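Worksheet for the structure shown next.
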Amino acid sequence: MLLVPCPHCGPRNSADLHYVGESRPRPDPAVASPEEWRAYLYLQANPAGWLRETWYCRAGCRQYFVLERNTETNRFRQPPVP
Amino acid sequence: MERGQVPTFESPVVKQYPAGVGPLTLADLSHLAKLSVRADDDPGFGVGFGASRTDGGVLVCGQRPGEWVLLGSPAEVARVSDGIARSGHVSVIDLTHGRAVFRLTGTDASAVLEKVCSLDWSDPMTPDGAVASASVAKVVCDLVRHDVDGRHSYLISCDRSFGQYLFDAILDAGAELDIVVGAP
Amino acid sequence: MTRLAPQPGEVVDRTRPVAFTWNGRAMTGLAGDTIASALTANGVRVVSRSMKYHRPRGYLTNDYWDPNGLVQVGDDPNVRSAHRLLEAGMAVEAQNAWPSVDHDLKAANGLVGRFLSAGFYYKTFIRPQRLWPAYERVLSTYAPGGRIDLDTPHRYYDKRYAHPDVVVAGGGPAGMAAALAAAEAGAGVTLVEHDHRLGGHLRWGSDADRAAANELAAAVEQAGVEVLVDSTVTGRYQDNWVAIVQRSHPVAVERLIKARAKVLVVAPGLIERPYVFAGNDKPGVMLSGAVRRFLNLHSVRPGERAVVFTANGDGDAAAADLDRAGVEVAEVVDAGAGQELIRALGGAKSVDGAQLGDGRRISCDLLVVAVGWTAPTSLLNMAGDRPRYDPTAARFFPNAELDTVLATGGLVGDGSLDELVDHGRATGELAARRAASVAHRLQAHTARARPVEGDEPELAPDQRPPLGRDPHPELFRSSTHGMVDFSEDVTSKDLLAAAAEGYDSIELLKRYTTATMGPSQGKLETVNTVAVLAEARGETIEEVGTTVWRPPYAPITLGALAGRVFEPVRVSSIQPWHEANGVVPIVAGAWIRPEHYGDPAAEVRNCRTNVGITDVTPLGKLDLRGPDVPRLLEQLYVNRWSKLAVGAVRYGVMCAEDGVILDDGVTGRLGDEHYLMTTTSSGAATVWEWVENWLQTEHPEWRMHVTPVTTAFTSINVAGPRSRELVRRLVSDVDLDPDAFGYMQVRTGRVAGVGGSFMWRIGFTGELSYELHVPAGHGLHVWEALLAAGADLGVAPFGLEAQRIMRLEKGHFIVGQDTDGLTKAPAAGVAGLVRLDKPDFAGRPELAWALDDPTAPRLVAIQPIDPAEVPEEACQIVREGTNEIIGRITSSRLSPTLGRGVCLGQVEPPADEPGTELTVVMTDGRRVTARVRAHHAHVDPEGVRLRG
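Residue numbers (numbering that gives the first Met the number 0), protein chains in the order written: chain S, 0 to 81; chain Y, 0 to 183; chain G, 0 to 947.
As structure tokens, then:
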């Protein structure tokens with residue numbers, strides 16, 4: 000079982016967390032075209048390599064957070080501070 | 000019952016168990032007052048996420064980032080709650096009726112938890128006073144290690160509606176270690 | 000009797016005979032026997048029939064992996080008889096044989112063996128497809144495996160978690176030395192041994208070997224290592240999540256340990272490899288290890304006259320052991336000197352001779368083979384290693400350097416006992432040092448952990464001197480063909496034929512022929528399979544490559560996987576009353592709720608005429624506090640919220656970002672900055688996380704907190720024309736006059752003496768109703784007070800079914816029943832709530848587009864023309880005279896109030912127009928006509944009752 004480094008609790012079993020999905024900015028709903036909005040809803044980048052993902056620490060600290068995961072190795076790293 | 004008369008509090012653990020004495024006990028402490036305090040910054044508790052400390056008769060737990068849980072007698076919890084610094088946005092929510100609380104005590108308490116919870120209960124990872132949340136027998140619980148007289152002891156709290164189930168699940172896990180139901 | 004005189008290393012206790020039965024025949028073994036050694040001591044040679052051809056089989060490897068040793072013990076199928084210890088009273092039976100293992104009629108398969116070649120099943124039973132059920136019935140009687148007793152109770156199988164510093168898989172000399180060294184270096188160590196005792200191959204070796212094993216085992220215990228025998232590391236998963244099955248446990252039948260090992264040491268030793276030659280599956284053909292275990296551990300004579308074909312020291316040792324035990328060794332055939340073994344002679348039930356390369360035929364009833372080893376690199380495979388073949392040593396070796404998975408022992412090389420122990424010790428020391436680095440990292444990053452000093456230590460470098468590799472001849476197949484996979488009855492001829500058919504990649508060959516896919520799972524036959532394919536392709540083994548070993552390393556019982564079953568259940572504070580008063584419960588998610596108390600229709604009528612009370616505690620409740628709560632409400636609900644006054648309640652619909660209805664419920668404003676949101680019972684957790692998500696990720700600047708308080712309150716709905724009168728009797732501090740406390744209003748006060756309660760007027764049932772939310776520790780008290788106070792008003796409890804009937808009569812939809820994963824807000828008939836003048840809310844873009852979509856199905860109220868017809872839910876609605884589906888019934892009941900069937904359903908426009916006649920296909924195939932209504936409510940569409 001994957002050990003997910005929750006930035007608050009520390010490493011936790013992935014079963015303790017809820018995988019929310021790829022982390023992407025929400026388009027402005029006032030101006031988004033159907034194509035943009037539906038790309039946001041349904042299209043996944045699914046790269047081989049580093050990917051930004053949102054997790055929810057459901058059984059633990061109940062925090063949502065973003066981590067980067069390498070989909071080839073399952074290694075994690077903290078995302079760069081914006 | 001006459002109007003205005005306050006009825007007695009009923010625990011979610013409604014089954015009757017023979018009271019026992021032994022080195023490994025599970026006790027129902029659901030009658031304790033429980034207060035959840037939410038704030039961006041520590042409103043004067045002096046304890047952070049993952050740790051706890053005792054303030055008089057109240058156990059103050061850094062339960063989650065920005066959330067503290069107070070456990071104790073109603074009067075004592077009220078005393079501590081009255082002293083909370085209310086600067087900024089602070090929410091104080093009484094969860095006395097919303098949570099079941101049990102105390103699991105004994106040298107083998109960690110061995111019982113290992114059967115129902117995936118956290119590491121070793122001393123370096125979960126020292127006395129440590130606070131965590133995790134799934135226990137498939138129910139999300141708040142846990143505090145709060146040793147009694149040098150013996151391992153854990154406070155386990157869950158949503159009230161799961162209380163009876165969880166109490167029985169812990170007793171079942173501890174059966175091979177001769178667990179008994181202790182006095183509150 | 001074939002029991003030998005006492006042997007120096009024997010593990011049987013001659014003072015304790017053990018009675019058991021074999022196919023109903025009484026036999027006696029000794030304490031310490033395996034089933035296999037006891038059977039062999041009783042002269043049994045044929046223990047099973049092979050899977051496909053039902054050929055008689057005897058013990059080949061005499062260990063856990065023996066492909067021929069699966070037996071039924073009582074209700075326990077597929078017991079590995081060369082591993083399971085004999086117990087008094089065991090009823091042991093042969094599997095896969097009819098009528099008996101000695102006279103198996105299905106052995107006729109062997110006569111038509113050429114029809115059962117590779118791919119036979121695929122080719123034969125594919126057509127005609129309609130006959131597959133018949134084929135399946137016949138084939139299943141031929142399939143191997145034991146007998147399952149469906150009445151077997153689920154006994155106490157258990158699971159636990161563990162967080163050891165070091166797990167050592169394998170308790171041979173290297174594994175024991177690794178465990179010992181790691182423990183001495185301060186690590187917490189779990190040593191897992193597949194067999195019943197520590198020692199590995201030393202146990203059936205020389206006196207010196209056994210002495211060394213005992214010494215190491217004692218030191219391991221002394222060092223505080225947790226030793227698990229008769230246990231197997233069955234898998235290594237991500238981040239060293241290690242599964243350990245403990246087959247022997249003082250309390251549990253079996254226990255599955257889920258260990259998060261900081262370092263895993265892999266030391267399984269080597270598994271002896273069979274040789275492919277004609278007749279190699281005849282009873283009496285055994286590998287050298289099998290013979291040595293029979294002789295040296297269990298003091299059992301495996302035969303009277305032996306031929307030994309040996310390519311290594313173990314074969315030589317087997318010959319010496321046989322000689323010492325008094326078994327005549329007719330010939331030692333030295334493979335190293337170029338001598339060859341061509342075929343085993345004799346009938347199907349026993350070998351009676353060996354034909355050698357020089358043409359000689361030597362009579363024997365035991366043919367011992369020692370041709371080399373398979374390296375069980377399974378756990379390394381699971382950690383990402385892809386082992387490489389070394390032709391000089393004639394076996395595979397690990398190939399990758401892994402930080403927290405280390406290998407030692409025979410898996411990585413050869414050497415003297417001292418060299419193996421030295422390598423084990425060096426591995427244990429390295430494991431302990433690396434585990435300390437991992438422990439430091441875990442402790443430093445875990446919030447609750449004790450603070451740790453200093454920086455994380457660098458991962459210790461691997462400076463272990465490597466073990467050597469002894470040269471070994473490459474011996475896989477003789478000049479004849481024989482069995483490659485004994486479990487699956489796959490011969491070298493089958494493999495060559497399959498390769499000729501084009502299945503010449505190892506992964507295809509494996510799946511096509513099922514070689515390596517039986518109970519042995521490649522432990523015995525993988526390398527030979529690869530070797531035969533290499534032969535077919537004219538390539539080397541290295542070029543062909545091998546398959547990847549995946550979990551589990553050894554089979555796991557379903558009981559161990561199930562463990563103790565955790566099924567959390569939730570109940571309200573009133574549950575004891577429900578149970579004492581004839582409730583018929585319904586399980587809804589984790590909740591156990593009252594479905595009804597005997598007569599739901601009567602419960603409905605009582606609500607419509609008097610007053611009823613129902614336990615609605617599972618209704619999700621979220622406490623919202625802070626100045627920015629209105630912003631959240633605007634963001635999550637499709638409707639308008641900003642002007643909700645203190646004391647008011649509003650109904651709202653939430654949609655997900657795709658516009659599909661997520662949940663609905665009412666939210667009340669209890670105070671200036673204090674709200675209570677309710678959700679559906681099943682949506683409570685989802686909505687809570689949805690709220691947290693918006694607060695944490697999109698709007699962390701909003702000042703508000705959300706807290707789930709679902710079961711902090713016991714929720715009781717008091718419904719019916721006399722509900723006000725009832726509530727008035729228990730509430731004194733709230734003005735219940737309809738002008739002061741109107742429909743969709745909320746008040747706080749005392750109910751039956753219980754402070755901190757609040758109540759609101761809503762109308763899910765369509766009746767005048769008060770929903771009381773009282774602190775849960777007093778919920779049962781309030782419930783009983785209501786019943787006592789309202790006896791003269793005709794108060795009676797009602798359950799979920801009555802509630803569902805009444806809401807259907809009123810035309811209120813239920814999210815997830817009347818809506819589905821495609822139902823956007825307009826389709827559910829709440830287009831009017833959607834406020835596109837709000838600049839943003841969840842799902843707004845999709846809803847804006849959906850409002851313009853004239854084709855989406857619409858939720859409408861439907862009544863069959865014939866009032867006696869009550870379609871079942873999910874009945875289809877079709878275009879008249881056709882089978883074209885244009886909708887379905889989503890809710891349907893016989894209305895006790897109207898005395899007729901009432902429904903909600905989704906239909907495609909324009910069939911949603913009021914008055915449209917619809918054709919509903921009933922479950923019995925009849926078609927009934929129903930009419931679309933103008934309003935969702937079948938009862939009181941004007942809402943007079945609930946506003947009363």
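For every residue, glycine included, the Cβ atom is placed at its ideal position computed from N, Cα and C. All figures in this text were calculated on a predicted structure; none of them were measured in a lab.
* Asked: From the beta carbon of leucine 16 (chain S), is the nearest beta carbon of chain G less than 8 Å away?
  -> Residue mapping note: residue 16 (chain S) aligns to position 17 of the first sequence, counting from 1. Chain G, which has no Cβ nearer than 8 Å to the Cβ of leucine 16 (chain S), makes this no.
* Asked: Residues of chain G with CB under 8 Å from proline 183 (chain Y), in chain order?
  -> Taking the first residue of the second sequence as position 1, residue 183 (chain Y) is located at position 184. Within 8 Å Cβ-Cβ: nothing; proline 183 (chain Y) doesn't reach chain G, min ~14 Å.
* Asked: At what residues does the beta strand (DSSP E) containing histidine 422 (chain G) begin and finish?
  -> Numbered from 1 along the third sequence, position 423 holds the residue referred to as residue 422 (chain G). Where histidine 422 (chain G) is concerned, there is no enclosing beta strand (DSSP E), although the alpha helix (DSSP H) it sits in stretches over 416 to 444.
* Asked: For leucine 419 (chain G), is the classification buried or exposed, using 16 other Cβ atoms within 10 angstroms of its Cβ as the cut-off for buried?
  -> Indexing the third sequence from 1 puts residue 419 (chain G) at position 420. Its Cβ being crowded by 16 or more others within 10 Å, leucine 419 (chain G) is buried.
* For a contact meaning CB atoms closer than 9 Å, what does phenylalanine 184 (chain Y) contact in chain S? -> Outside the displayed range of chain Y (0 to 183) lies residue 184 (chain Y), so it cannot be described from this structure.
* Asked: Beta-carbon of arginine 25 (chain S) versus every beta-carbon of chain G: anything under 8 Å?
  -> By 1-based counting over the first sequence, the position of residue 25 (chain S) is 26. Yes, contact with chain G.
* **Residue span of the beta strand (DSSP E) that contains serine 90 (chain Y), given as start and end** => Looking up residue 90 (chain Y) in the second sequence gives position 91. Looking at the DSSP string, the run of the beta strand (DSSP E) that includes serine 90 (chain Y) is 89 to 93.
* Run down chain Y in chain order and give the residues with a C-beta less than 7 Å from the C-beta of histidine 704 (chain G). => Stepping through the third sequence from its first residue, residue 704 (chain G) is reached at position 705. In chain order: Arg37, Ser90.
* Asked: Out of curiosity, what's the CA-to-CA distance linking valine 219 (chain G) and asparagine 295 (chain G)?
  -> Here residue 219 (chain G) refers to the residue found at position 220 when the third sequence is read from its first residue. Here residue 295 (chain G) refers to the residue found at position 296 when the third sequence is read from its first residue. In a straight line, the C-alpha of valine 219 (chain G) is about 24 Å away from that of asparagine 295 (chain G).
* If leucine 165 (chain Y) sits next to valine 135 (chain Y), beta carbons under 8 Å apart, how far is it from one beta carbon to the other, in whole angstroms? -> In the second sequence, counting from the first residue as 1, residue 165 (chain Y) sits at position 166. In the second sequence, counting from the first residue as 1, residue 135 (chain Y) sits at position 136. About 7 Å; that satisfies the 8 Å criterion.
* Asked: So, alanine 87 (chain G) versus tyrosine 63 (chain G), is the Cβ gap smaller than 8 Å?
  -> Sequence index remark: in the third sequence, residue 87 (chain G) carries index 88 (1-based). Sequence index remark: in the third sequence, residue 63 (chain G) carries index 64 (1-based). It is not a contact, given that the beta carbons lie outside the stated cut-off.
* Anticipated Cβ contact below 8 Å, arginine 746 (chain G) with alanine 860 (chain G), distance rounded -> The sequence position of residue 746 (chain G) within the third sequence is 747, counting from 1. The sequence position of residue 860 (chain G) within the third sequence is 861, counting from 1. Not really, about 33 Å apart at Cβ, beyond 8 Å.
* Looking at the unbroken alpha helix (DSSP H) that takes in proline 863 (chain G), where does it start and where does it end? -> Here residue 863 (chain G) refers to the residue found at position 864 of the third sequence. Element bounds for proline 863 (chain G): not the alpha helix (DSSP H) but the beta strand (DSSP E), 857 to 863.
* Asked: Does the Cβ of arginine 136 (chain G) have 16 or more other Cβ atoms within 10 Å, making it buried, or fewer, making it exposed?
  -> What you label residue 136 (chain G) is simply residue 137 of the third sequence in a count that begins at 1. By the 10 Å Cβ count, arginine 136 (chain G) comes out exposed.
* Taking alanine 251 (chain G) and aspartate 157 (chain G) to be in contact with their CB atoms under 8 Å, please state how far apart those CB atoms are, rounded to whole angstroms. => As a working note, residue 251 (chain G) is residue 252 in the third sequence. As a working note, residue 157 (chain G) is residue 158 in the third sequence. With 8 Å as the limit, alanine 251 (chain G) and aspartate 157 (chain G) qualify as a contact, their Cβ atoms being about 4 Å apart.
* Measuring only between beta-carbons, confirm whether asparagine 12 (chain S) sits less than 8 Å from chain Y. => Taking the first sequence and counting its residues from 1, one reaches residue 12 (chain S) at position 13. Answer yes: the Cβ-Cβ gap between asparagine 12 (chain S) and chain Y drops below 8 Å somewhere.
* **Alpha-carbon to alpha-carbon, leucine 821 (chain G) and arginine 394 (chain G)** => Position 395 of the third sequence, counted from the start, is the residue given in the question as residue 394 (chain G). Position 822 of the third sequence, counted from the start, is the residue given in the question as residue 821 (chain G). Cα-Cα distance, rounded: 58 Å.
* Expressed to the nearest angstrom, what Euclidean distance is found between the alpha-carbon atoms of arginine 129 (chain G) and aspartate 662 (chain G)? -> Position 130 of the third sequence, counted from the first residue, corresponds to residue 129 (chain G). Position 663 of the third sequence, counted from the first residue, corresponds to residue 662 (chain G). Distance between the alpha carbons of arginine 129 (chain G) and aspartate 662 (chain G) is about 46 Å.
* Note the first and the last residue of the continuous alpha helix (DSSP H) segment covering tyrosine 155 (chain G). => If you number the third sequence from 1, residue 155 (chain G) lands on position 156. It is not in any alpha helix (DSSP H) - tyrosine 155 (chain G) carries neither H nor E in the DSSP assignment.
* **Beta-carbon proximity list for glutamate 175 (chain Y), same chain, < 6 Å, skipping 5 on both sides** => Counting from one through the second sequence, the residue named residue 175 (chain Y) turns up at place 176. Here the set comprises nothing.
* To do: Step through the CB atoms of chain G and report whether any lies within less than 8 Å of the CB of glycine 97 (chain Y).
  => The count along the second sequence starts at 1 and reaches residue 97 (chain Y) at position 98. For glycine 97 (chain Y), the answer is yes, since a Cβ of chain G falls inside 8 Å of its Cβ.
* Answer yes or no: do alanine 176 (chain G) and glycine 409 (chain G) have a C-beta to C-beta separation smaller than 8 Å? => Translated into positions along the third sequence, residue 176 (chain G) becomes position 177. Translated into positions along the third sequence, residue 409 (chain G) becomes position 410. It is not a contact, given that the beta carbons lie outside the stated cut-off.
* Rounded C-beta distance between valine 652 (chain G) and alanine 824 (chain G)? I'm assuming under 8 Å. -> What you label residue 652 (chain G) is simply residue 653 of the third sequence in a count that begins at 1. What you label residue 824 (chain G) is simply residue 825 of the third sequence in a count that begins at 1. Indeed they touch by this definition, with Cβ atoms about 6 Å apart.
* Interface residues of chain B facing valine 130 (chain Y) [CB-CB closer than 9 Å] -> Structure shown: chain B not included; protein chains present are S, Y and G.
* Counterpart residues of serine 894 (chain G) in DSSP-defined beta bridges -> To locate residue 894 (chain G), count along the third sequence from 1; it is residue 895. G:Arg899, per the DSSP bridge assignment.
* Out of G:Gly185, G:Arg254, G:Ala133, which has the shortest C-alpha to C-alpha gap to arginine 154 (chain G)? -> The residue given as residue 154 (chain G) occupies position 155 in the third sequence. Considering only alpha carbons, the answer is G:Arg254.
* Asked: Count the other CB atoms within 10 Å of the CB of histidine 297 (chain G); is the residue buried (16 or more) or exposed (fewer)?
  -> By one-based count along the third sequence, residue 297 (chain G) stands at place 298. Result: buried.
* How would you call glutamate 400 (chain G), buried or exposed, if buried means at least 16 neighbouring beta carbons within 10 angstroms? -> One-based indexing of the third sequence puts residue 400 (chain G) at position 401. With fewer than 16 other Cβ atoms within 10 Å, it is exposed.
* Asked: Would you report the Cα separation of alanine 310 (chain G) and glycine 337 (chain G), rounded to the nearest angstrom?
  -> Residue 310 (chain G) sits at position 311 when you count from the first residue of the third sequence. Residue 337 (chain G) sits at position 338 when you count from the first residue of the third sequence. Near 9 Å, if we compare the C-alpha coordinates of glycine 337 (chain G) and alanine 310 (chain G).
* To do: Report the rounded CA-to-CA distance for arginine 607 (chain G) versus valine 938 (chain G), giving the unit in angstroms.
  => Within the third sequence, the letter at position 608 stands for residue 607 (chain G). Within the third sequence, the letter at position 939 stands for residue 938 (chain G). When rounded, the distance between both Cα atoms is 11 Å.
* To do: Anything in chain S within Cβ reach of asparagine 692 (chain G), meaning under 8 Å, just list it in chain order.
  => Counted from its first residue, the third sequence places residue 692 (chain G) at position 693. Going along chain S in sequence order, the residues near asparagine 692 (chain G) (Cβ under 8 Å) are Val19, Tyr55, Tyr63.
* Mind listing the chain S neighbours of arginine 463 (chain G)? Cutoff is C-beta to C-beta under 9 Å, in chain order. => Sequence index remark: in the third sequence, residue 463 (chain G) carries index 464 (1-based). Per Cβ cutoff of 9 Å: no residues; arginine 463 (chain G) is ~25 Å from chain S at best.
* **Member of G:Glu457, G:Val188, G:Phe712, G:His193 whose CA lies at the smallest distance from the CA of proline 554 (chain G)** => Start at 1 with the first residue of the third sequence, and residue 554 (chain G) comes out as number 555. Closest by alpha carbon: G:His193.
* **Exposure label - alanine 827 (chain G); buried when at least 16 CB within 10 Å** => Position 828 of the third sequence holds residue 827 (chain G). When all chains shown are included, alanine 827 (chain G) counts as buried.
* Starting from the C-beta of proline 16 (chain G), find all residues in its chain whose C-beta is less than 7 Å away, skip the five residues before and the five after it, and write them out in chain order. => Locating residue 16 (chain G) in the third sequence gives position 17, where the first residue counts as 1. Cβ within range, chain order: Thr27, Leu29.
* Please determine, among G:Gly171, G:Thr512, G:Asp208, the residue with the shortest C-alpha to C-alpha distance to alanine 953 (chain G). => Because chain G is modelled from 0 through 947, residue 953 (chain G) falls outside the range shown and cannot be assessed.
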